[in-house]
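Chains as they are written, first to last, in the numbering used here: chain Y, 1 to 646; chain R, 647 to 1292; chain A, 1293 to 1938.
Glycine is no exception: its CB is placed at the ideal position from the N, C-alpha and C atoms.
Predicted model, so just to flag it, every value in this text is computed and none were measured.
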Amino acid sequence: MCYYPEQWPRGKWAEDARRMVELGLSWVRIGEFAWAKIEPRSGEFHWEWLDEAIDVLGKAGLKVILGTPTAAPPKWLVNRYPEILPVDATGAVRKFGARRHYCFSSRRYRSEAARITEAMARRYGEHIYVHAWQTDNEYGDHDTIYSYSAEAVGAFRLWLAERYGSIDELNRAWGTSFWSMRYDSFEEIDLPNNLVEEPSPTHGVDFIRFSSDQVKSFNKAQVDIIRAHSPGRPVTHNFMSQNTDFDHYRVGEDIDIASWDVYPMGGLLNGRLAAKDKEHYLRVGDPDQPAFNHDLYRAVGRGRVWVMEQQPGPVNWAAHNQSPADGMVRLWTWLAYAHGVDMVSYFRWRQAPFAQEQFHAGLLLPNSEADQGYLEVAEVVAEMKRLPEGEVRGKAQVAIVLDYESRWATRVLPQGRSYSASAVALDWYSTVARLGVDVDFIGQHSDIAGYKLILAPDLVIAEEAFVERLTRADAKVVFGARSGSKTRDMHIPEGLPPGPLAKLIDISVSRVESLPEFHSETVLYGNEAYEAGGWRETVRTSETVIASFDGEYRNGAPALVGSDKARYLAVAANGALLDKVIGDALGWAGLESLPDLGDLRVTRRGNLRFAFNFGRIPAEVPAGASAEFYVGGRTLKPVDVAIWRE
Amino acid sequence: MCYYPEQWPRGKWAEDARRMVELGLSWVRIGEFAWAKIEPRSGEFHWEWLDEAIDVLGKAGLKVILGTPTAAPPKWLVNRYPEILPVDATGAVRKFGARRHYCFSSRRYRSEAARITEAMARRYGEHIYVHAWQTDNEYGDHDTIYSYSAEAVGAFRLWLAERYGSIDELNRAWGTSFWSMRYDSFEEIDLPNNLVEEPSPTHGVDFIRFSSDQVKSFNKAQVDIIRAHSPGRPVTHNFMSQNTDFDHYRVGEDIDIASWDVYPMGGLLNGRLAAKDKEHYLRVGDPDQPAFNHDLYRAVGRGRVWVMEQQPGPVNWAAHNQSPADGMVRLWTWLAYAHGVDMVSYFRWRQAPFAQEQFHAGLLLPNSEADQGYLEVAEVVAEMKRLPEGEVRGKAQVAIVLDYESRWATRVLPQGRSYSASAVALDWYSTVARLGVDVDFIGQHSDIAGYKLILAPDLVIAEEAFVERLTRADAKVVFGARSGSKTRDMHIPEGLPPGPLAKLIDISVSRVESLPEFHSETVLYGNEAYEAGGWRETVRTSETVIASFDGEYRNGAPALVGSDKARYLAVAANGALLDKVIGDALGWAGLESLPDLGDLRVTRRGNLRFAFNFGRIPAEVPAGASAEFYVGGRTLKPVDVAIWRE
Amino acid sequence: MCYYPEQWPRGKWAEDARRMVELGLSWVRIGEFAWAKIEPRSGEFHWEWLDEAIDVLGKAGLKVILGTPTAAPPKWLVNRYPEILPVDATGAVRKFGARRHYCFSSRRYRSEAARITEAMARRYGEHIYVHAWQTDNEYGDHDTIYSYSAEAVGAFRLWLAERYGSIDELNRAWGTSFWSMRYDSFEEIDLPNNLVEEPSPTHGVDFIRFSSDQVKSFNKAQVDIIRAHSPGRPVTHNFMSQNTDFDHYRVGEDIDIASWDVYPMGGLLNGRLAAKDKEHYLRVGDPDQPAFNHDLYRAVGRGRVWVMEQQPGPVNWAAHNQSPADGMVRLWTWLAYAHGVDMVSYFRWRQAPFAQEQFHAGLLLPNSEADQGYLEVAEVVAEMKRLPEGEVRGKAQVAIVLDYESRWATRVLPQGRSYSASAVALDWYSTVARLGVDVDFIGQHSDIAGYKLILAPDLVIAEEAFVERLTRADAKVVFGARSGSKTRDMHIPEGLPPGPLAKLIDISVSRVESLPEFHSETVLYGNEAYEAGGWRETVRTSETVIASFDGEYRNGAPALVGSDKARYLAVAANGALLDKVIGDALGWAGLESLPDLGDLRVTRRGNLRFAFNFGRIPAEVPAGASAEFYVGGRTLKPVDVAIWRE
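In structure tokens form, the structure reads like this:
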């Protein structure tokens, strides 16, 4: 439960704590925006209120997750050190008055963040009621990873010197022979904003890499301090879903549990779906977006994943903020559990009647009455008691590769305005999910043993070592278009794309094109014609052509090519074509799947099987004859959940 | 008539004046952009041309409205005091080269504005031909109310200190406990631009309040000077319709007559209507937008309203600038008269062949030939002679509440991208107008005695005192969604929305949601189903549920609730649903109305009745058997006017 | 061929050169982005690589076009003189890191550009293998003509003092009496950016004129240096099509050959056509845009035109980058030849695997394999050998006036958001082309002798001298709407538009209007009704009304008026109405035309006739019975070319 004692009169704390416990909650996160309350003036600490708050909560029976308050530096700190403020891409300083107004490259802010973290960790590190820590809050919210400050320039130069060793090597990698862009020293290099034209893509991606590393080191500094003073308490960070501004795996390496913030309503409206599907799912959200992220952050947390913030009703920040259907708070909670999440915290306990987020629902209304979310949490708590304990989410047979560097490659060089790697990956995930097959996410660093099928929808920068391991693994692999198309230096590989992937499948891509929305290509696959669009490649191959293009342009050219080991899809696909490609691939890998589940989703955690109905009509659950239901039954109403074992 | 002697050779003045009088005009406004001609260098006054211009116009028989020239400070003033220039939200100084390049918070500019105003008022205050004054010109044009200058910061701090008394009180009101936003002193506060995220909504609304007060005091300073030197001459300001950047009532308190500038063609294209309605009304404009503003500025002027600028043909400033239909200049002039306007001035006499507005039509073409507008004005003048004199627009039985602070509340916290309080209010007005019922506008300060029905489409911030007076008044009241949903501090009221309005109708709003354009909700009202969208609320009530929601989400929840005193509409409505809600409310309040008038509009001024046909086919006028027509007859052609008494 | 020895290892140069010659190429352009390689540090010249590169290329049999490298100043130069960087309209400095990062008004950059140009010209001016020069590269790319730097302000003031002589004359021309905008001296004048509202249109157009003159003088300085040191070698510049930021005729006066860069794929997607036509022509491009520009740059080059860069496959810079159909590189090459182009160079020899343009195709793939473009060039080279030599493109009988100042007039005062003079002119060109009639472009300075029909689709600023020459010429003339509507001072002409054109046709325009996209007007022309939209004028005339408006607004008003000498079209027309207007005009001028060619285009060069099929089905070539085919035959496949003589 996300709770803000600093926002409420002390008189309410005990009652709030009592009701939380009564509801069945066991964790409470506090403190992450409380710096100004803890230290209202430089060096003047007011611990008494926080001591009391922790005490009240702990004594009521709650385990406290304590947040470091660095996401919101207080005004006195900004007054004294205005250089900590971030700078946007136009060069404007982003001012105090909201949150996340700091630059990750500010050395002064790093030392101040360490100071307050240490003060908190010393005071509460071994506190009996403090059971876990959260660092900062939602790195990347409000576009705050990239700062174009003077300190960022300096830090970027040092980072480049470290990466390249010599300026000649940087000149080679960036291709500065191209437009007389040659540098004589690292000191000459500037940030890639306010240019006349786009920078060298290597310059662009390096700035993202650098910024990502800044987040990692900023976070790790806090983790190290916490660990020194608070042994045995896990440290987490609450990541934002769909954010790829920094490498979440690399931050995840330094923490114990990955948590993420689940807001499916805004995710639907901002997301990949066509308008008619957004209408269909208006109050239930994209059925696959939360599950995708549970699976992803399970990988980021190396097996341990929490939900730190679960939307309990309408929120305040999307272009439109519709209400979830009654029942969705319960459904999302069970969905999280099914996908391996071990703790779900709701944001927030009580709706705030003041400040920026007063349109954001809580479990309680501003007047402390129970709102819909509260009732649904109570339902989940009751149902949970019926389930056997100790069920653990197992390893899947299918893995999807999500690689942050590859995302940066297509962000910096999209080549087509409508190309979205994020939508591509979610479409692939969704296709597998509709066939009832569980998925793990992997990065190129991950262990791949045991997977039967590995899907790489957008692995643009394929590392040699990873390709090597793929070669030796048993898994079959399916690559999406653009896979292997850039080296680490953001160059086209020698010998053409897909570069090192050609070891798995003998193809070479001689031409790529991005296509406008009004145009589609036709693909013939097993005597059926399918529509596809947005991206098309010309592939030369000695392998089997499984599907081919049909039409005026390069009629008969390969659209899907396959070797014994790997398949390569030379077009951006979704809808029926992607169903066919993925469906066939599952069979090819020897995996069983279900017929298209439509709006139903199924998954398993240990011996428990789950079904979720995101549709508007009742659906039959694919349970065996021997199924024993803990929750629900064979027929599932809309917005309902079934849990059984077979 | 808007005339610019400084733009034409002296030789043309006498002929122009003669033709104005010949056309039947009696008022001429001059001077409002002439500072550089009056005082071409600091302290060097050239009154002789203005003396002569006033003399020529006055002797020809025209009454002069003299404008203070502060809307366009001359270059020498900007050179000497560059700090008078306004600063935009990005921090960029807005340069000299057009108009309105001043910051309302510049003390230097205030003293310079006072100096030139005093010089003019001293010279012409008691001039025989000067009959009225206009302050400045179109406050708010080109987004000039909000300036982010250093002086604005300073003035804002003083204003906050005045408003809140103590920084603790500000911290409470702004909710700075939210994100460690706490301030130690007023000196720490900054303007709400260039933040990482949105500011506290109270911070946002306070900046608008402050900016509005700056306009009021800037204007009042001029009025005071003029009144001191020009007794007996009314002072006006020409407001821009649809502008809600400052509180027009509060500026209106300090002047004698409110005037406004009538440009319906651009208003149509920028306005609330769907594309097919824009096509239907392409050359006649939104039928209700001019009348809405006549009625509004009648309230702003406490009964006295002028049109200072009437579009006489195509203009230059909209995204597209279509021509009004021939006849519309006459129609708009009569419409103004019918709604209580006592003077209509056209912008402009002759089309300028140079500078920024050369595509803006005049009554005369650039070569001084009469254009279409001229001919239509002549027609109105002739028709006017047939009418009895002394008819006065009476008080209506229906009042609509328009509250500027409420507009700022939804501007700062829209919660849904497509929510437009301006469109909501105009839709409600239009619905009443199509039923043939006259309307007055009121603010929360207004006398409400005598109204049978008060409509409050968007009264977000309802003041206790106003609610108190509503309680005691005889009027029935209809509230739109979001009414009473914020306190003066921009908080959710204790005890939930609609806060103090619950005294009139026992409801409580437990959830609100904004909905995307592609979705609509169904409302059952008297066995008919209606579509609505954009905004929906969950209301709990002990009152009668008059209409309810139908559908998957919270089926049966109240959509329209009624007590004996008040009704509350829990959804954004327009079209057929709004027709039903308003139509029923009129009957409930004991008011008669006409069947839907379609493209016809009717109103009355004293004993005169008026009908206007905005449609494309002839229409029958709803005149009684005894009707005696002054202008037109029972059948009205498109773009035509009928005037009669019964 | 565009080649970049600085981007490739020396070891590849000889092989590349050999293959170019083998392919049949004879020209190679090098050097235009190589400054940093030539002079890596101030004054430290490294000629040896360029000596060798020229030597290798020349010895292989290629003629070198040497580019001055001023489009990409090196980093050391920017470090030393940061004031050379351009400033954008918001006031932000545009930084180093791509190309074209210089301000045309920087005196320092002018002296540095002269220095490097002189160094190159001295070294290679009389080099045996250097046969031509290119100045800089693509003036205007990336919006680089307008810089808002401190030096630009100073230079603009001097330019204004030169143009106007006295500040009073500037005040008159700019109409500064309008909003107290009067200036006391040229030193007070600022650039027209960051204003509160739009500037005086004369201010706006003068800034464009000034900026255009800056480009001319910058270019001429290089030409003068080259001519001094490299006698007998032609100098060219590679213009960007559709760019009207500066007056290409005036830069063209100073060079020997105009060249331009042919990228039809991006031109299609950014261009004038409706979405369904963009789909139809997706892989062949707008059939008329390349031909339009060949004809235009033939005028800019006073008869001599080259293609310096021909797209050889997909490019990297458009919103989407589709592949051209196989065959289009051949077709475009022949189209260029047919329209009088004497040299076609392809951009680029080999696709770059690094830096900004790695998605830009070359004739070779990055791994040096021949790509599709290579094969098509080989085809053209073989076909070319079958043709007789020495055929010269003759003068056309129809001329279209393209006037840069007129373009600036409508850019600064569009009066309707959707008005595009560029689309209007291309629509008129396209209409003539579909009727099989060849066209020359002319400016107001051009010789007009011999033309039978002159089309002036958007001659907004008509010079008296040109009108005088039109009066005396034999040609018939057709004017589009807005013709003659502004004077050189950007005023409405005395006596109303079309100003001086009334000498050719007795009309006067009393009203103009711009119309939104959702509205269309109906025009009756010879008993047929046509749709038109976007712009409409009210014309008064004593001449013959050839077509008239039909509808509610000013029914019967003239839409097309004609005298013996001239016709005036009072509406924006395309589609069927424009076909009718142009078709009739050809007949009226005594010219023969073909029936609508649909997707076929025909033209002639000397005795050679050409047909090009841009369609998707075979087409019959309009060849006489005696036709003798060099290439292709009577039936032309899609994307194919026929060449014959009769």
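Practice task
Compile a chain-ordered list of the residues in the stretch 902-915 of chain R whose CB is closer than 8 Å to at least one CB of chain A.
Solution key: Result list: L915.
Problem - Rounded Cβ spacing between F892/R and I730/R (contact assumed at less than 8 Å) - result: Wrong, their Cβ atoms sit about 19 Å apart, outside the cutoff.
Problem - Enclosing alpha helix (DSSP H) for F1510/A [first to last residue] - result: Looking at the DSSP string, the run of the alpha helix (DSSP H) that includes F1510/A is 1493-1521.
Exercise for the section: Report yes if the C-beta of V1515/A is less than 6 Å from at least one heavy atom of the ligand COA; otherwise report no. Expected result: No copy of the ligand COA appears in this structure; indeed no ligand is present at all.
Handout entry: Chain-ordered residues of the stretch 1433-1456 of chain A with a beta carbon less than 7 Å from chain D
Key = No chain D appears in this structure, whose protein chains are Y, R and A.
Practice task
Closer than 8 Å by beta-carbon distance: list the chain Y residues that pair up with F1510/A, in chain order.
Solution key: Annotation: F1510/A has no Cβ neighbours in chain Y at a cutoff of 8 Å; minimum Cβ distance is about 16 Å.
Handout entry: Where G1383/A meets chain R, residues with beta-carbon distance less than 8 Å
Key = Contact note: G1383/A reaches chain R through A738, using a C-beta cutoff of 8 Å and chain order.
Practice task
Count the other CB atoms, across all protein chains shown, that sit within 10 Å of the CB of D474/Y; report buried if there are 16 or more and exposed otherwise.
Solution key: Within a 10 Å sphere around the beta-carbon of D474/Y sit fewer than 16 other beta-carbons, which makes this residue exposed.
Handout entry: Cβ of W1319/A within 7 Å of any chain Y Cβ
Key = Residue-level contact by beta carbon fails for W1319/A and chain Y, as no gap is shorter than 7 Å.
Practice task
Would you check if the distance between the CB atom of V776/R and the CB atom of L712/R is smaller than 7 Å?
Solution key: Cβ distance < 7 Å, so V776/R and L712/R count as in contact.
Problem - Where the stretch 811-830 of chain R meets chain Y: residues whose CB sits under 9 Å from a CB there - result: Residues passing the 9 Å Cβ filter: R818, A819, W820, G821, T822, S823, F824, W825, S826, M827, R828, Y829, D830.
Practice task
Within the same chain, show all residues whose beta-carbon is closer than 8 Å to that of W1341/A, passing over the 5 residues directly before and after it, in chain order.
Solution key: Listed in chain order, the non-local C-beta contacts of W1341/A below 8 Å within the same chain comprise P1297, E1298, R1302, K1329, local neighbours out to five positions each way being set aside.
Problem - Inter-residue spacing [alpha-carbon to alpha-carbon] between A1444/A and E1490/A - result: Straight-line Cα distance between these residues: approximately 19 Å.
Handout entry: Cβ contact (3+ pairs, closer than 8 Å) linking the stretch 1708-1717 of chain A and the stretch 1796-1808 of chain A
Key = Contact between the stretch 1708-1717 of chain A and the stretch 1796-1808 of chain A is present: 3 or more CB-CB pairs across the two stretches fall below 8 Å.
Exercise for the section: Look at the alpha carbon of V1815/A and the alpha carbon of V1770/A, and state the distance between them as a whole number of angstroms. Expected result: The alpha-carbon atoms of V1815/A and V1770/A are separated by roughly 17 Å.
Handout entry: Where K1041/R falls, given that 16 or more other Cβ within 10 Å makes a residue buried
Key = Per the 10 Å Cβ criterion, exposed.
Exercise for the section: Less than 8 Å between the CB atoms is what I'm expecting for R350/Y and S323/Y, so what's the real figure, rounded? Expected result: Not quite, the Cβ-Cβ distance comes to about 18 Å (not below 8 Å), so this is no contact.
Problem - Near-chain R residues of the stretch 1705-1736 of chain A - C-beta to any C-beta below 8 Å - result: So the list reads L1705, Q1707, G1708, R1709, S1710, given in the order they occur along the chain.
Exercise for the section: Let me know if G1898/A comes out buried or exposed under the rule of 16 or more other beta-carbons within 10 Å of its beta-carbon. Expected result: Label assigned to G1898/A: exposed.
Handout entry: Chain-ordered neighbours of K1387/A on chain Y, where CB pairs are closer than 7 Å
Key = In chain order: D190, N194, L195.
Handout entry: Inter-residue spacing [alpha-carbon to alpha-carbon] between P1139/R and E1110/R
Key = In a straight line, the C-alpha of P1139/R is about 12 Å away from that of E1110/R.
Exercise for the section: Given a cut-off of 7 Å, decide if W779/R and V881/R are closer than it, judged by their beta-carbon atoms. Expected result: Yes; because the gap between Cβ atoms is below 7 Å, this pair is in contact.
Exercise for the section: Work out the CA separation of G1008/R and S1469/A for me, nearest whole Å. Expected result: Per the coordinates, the alpha-carbon of S1469/A lies some 17 Å from the alpha-carbon of G1008/R.
Exercise for the section: Find the residues of chain Y that neighbour N1530/A, judging by a C-beta separation of less than 8 Å, and give them in chain order. Expected result: Residues of chain Y passing the Cβ test: none, with the nearest at roughly 15 Å.
Practice task
Can you give me the start and stop residues for the alpha helix (DSSP H) that R1761/A sits inside?
Solution key: Unbroken alpha helix (DSSP H) run through R1761/A: 1756-1764.
Handout entry: Per-residue contacts from F1164/R into chain Y (C-beta, under 9 Å)
Key = The answer, in chain order, is A275, K276, K278, E279, L282.
Practice task
Find the residues of chain A that neighbour A511/Y, judging by a C-beta separation of less than 9 Å, and give them in chain order.
Solution key: One point to set straight first is that residue 511/Y is Arg, not Ala, in the sequence displayed. Ordered by position in chain A, the residues that pass the 9 Å Cβ test against R511/Y are G1605, P1606, S1615, A1653, L1657, D1663, Q1664.
Practice task
Measure from the C-beta of L1861/A to each C-beta in chain R and report whether the shortest distance is under 7 Å.
Solution key: No, its Cβ sits nowhere closer than 7 Å to a Cβ of chain R.
Handout entry: Distance between beta carbons of R99/Y and W825/R, contact taken as under 8 Å
Key = For W825/R against R99/Y, the beta-carbon gap comes to about 4 Å, under 8 Å, which counts as contact.
Handout entry: Neighbourhood of G1924/A by C-beta distance below 7 Å, restricted to the same chain and skipping five residues each side
Key = Residues D1932, V1933, A1934, I1935 of the same chain have their beta carbon placed closer than 7 Å to that of G1924/A, with the five preceding and five following residues left out of the count.
Problem - Exposure label - R1053/R; buried when at least 16 CB within 10 Å - result: It counts as buried.
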